[in-house]
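Residue numbers (UniProt numbering): 1 to 109. Even for Gly, the Cβ is constructed at its ideal location relative to N, Cα and C. Notes follow once the structure below has been shown.
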Amino acid sequence: MKLIIAIIQDKDSNRLSNAFIEQDIRATKLSSTGGFLRSGNSTFIIGVEDEKVADVMDLIKETSKTRKQFMAPPVNLDSPMEAAGAYPVEVQVGGATVFVLPIDAFHQF
Ligand code: 2BA
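Laid out in C-alpha cells, this is it:
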C-alpha cells in the first residue's frame with residue numbers, strides 16, 4: 001500500500017475530487033498554503049493499493065493544469081528604495097507536486 005500526497009491548485013481541486021469519487025478512490029482534501037506564493041492550494045492524501053497508484057497518478061495528471069501567476073515580492077519597509085523596484089514577477093505553478101510514500105500499516109477502527 002502507498003500514501004500519495006498531491007499538492008494541486010485550488011482551481012483543479014473540485015474536478016479531482018469528483019474524479020476520485022467516480023473511480024471509488026478514497027481521498028482526504030486539506031486546504032493548504034504554498035510556502036512561496038503564500039496563496040491557497042489543495043493537498044490530497046490518498047491511501048491506495050500498489051496496483052492503483054498508476055490510476056491515481058493518471059487522474060492527477062489529467063486534472064492538473066500548469067498556470068502562470070504573478071507574485072509581488074515582499075516589500076522591505078526598512079529600505080524604501082528597494083521597495084520602489086519591487087515589480088511583480090511571473091511564476092509558473094503546477095500542474096501537481098506529488099509524493100509517493102510506502103505505508104507500514106493501515107488501520108481503521
Ligand atoms: P508555492 O510554494 O507557493 O510555489 C508556487 C510556485 O512558485 C512553484 O510551483 C514554483 O514554480 C515557484 N517557486 C517556488 N519556490 C520558489 C523559489 N524559491 N524561487 C522561485 N520560484 C519558486 P510548483 O513547483 O508547481 O509548486 C506548487 C506548490 O507545490 C508550491 O506552492 C508548494 O505548496 C508545493 N510544493 C512544491 N514543491 C514542494 C516540495 N518539494 N515540498 C513541499 N511542497 C512543495
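- Annotation: residue 1 is outside any alpha helix (DSSP H) and is labelled neither H nor E by DSSP.
- CA-CA distance, residue 29 to residue 42, rounds to 7 angstroms.
- Going by beta carbons, residue 46 and residue 27 fall inside the 7 angstroms limit.
- Rounded to the nearest whole angstrom, the CA to CA distance from residue 100 to residue 88 is 34 angstroms.
- Straight-line measurement puts the Cα of residue 25 at about 32 angstroms from the Cα of residue 91.
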